[in-house]
């Protein structure tokens with residue numbers, strides 16, 4: 001729906017101030033919720049070449065949203081809701097921290113050292129996230 005509103009604004013059918021208000025409202029309503037567009041962005045940024053030969057599960061335990069995991073196998077990515085029974089690495093964090101790390105605004109090591117990110121399992125695997133999902 002928001003995409004349609006943006007297209008209407010670009011066509012001059014909606015004033016920019018109305019678009020800004022609607023965008024702000026949408027952001028407030030979805031704050032902290034990993035929406036499908038968040039996962040669509042991960043799919044779009046996924047570097048299949050960097051994932052060649054991998055067979056790993058990245059479990060995300062969000063403090064402010066439903067848990068999800070990423071299944072990466074031989075250059076393929078699958079994103080699933082819920083909890084995997086045997087993840088390679090488990091990461092506990094907020095959706096905002098994840099967005100910050102993925103955008104490059106937050107350093108993953110700093111997030112880990114300050115307690116915003118907790119990891120268990122193959123912790124070194126977590127360092128591959130930025131190469132698997134490079135910033136555009």
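Numbering (full-length UniProt numbering), first residue to last: 1 to 136. Glycine residues also receive a C-beta, built at the ideal position from the N, C-alpha and C atoms.
| Query | Result |
| --- | --- |
| Where residue 83 sits in the DSSP three-state scheme | coil |
| Residue 111: first and last residue of the uninterrupted alpha helix (DSSP H) it sits in | 108-113 |
| CA-to-CA distance, residue 62 to residue 84, given in whole angstroms | 14 Å |
| Of the listed residues 55, 97, 73, nearest to residue 118 (C-alpha basis) | 97 |
| Residues bridged to residue 119 [DSSP beta-bridge criterion] | 91 |
| Environment of residue 108 [buried if 16+ CB atoms lie within 10 Å] | buried |
| Host beta strand (DSSP E) of residue 70 (start-end) | 68-73 |
| Candidates 115, 88, 81, 133, of which the one nearest residue 123 by Cα | 88 |
| Bridge partners - residue 76, DSSP secondary structure assignment | 73 |
| Heavy atom of the ligand MG within 6 Å of residue 74 beta-carbon | With respect to the ligand MG, the structure offers nothing, as it holds no ligand at all. |
| Beta-carbon contacts of residue 80 that lie in its chain and below 7 Å, excluding the five residues immediately before and after | 68, 69, 71 |
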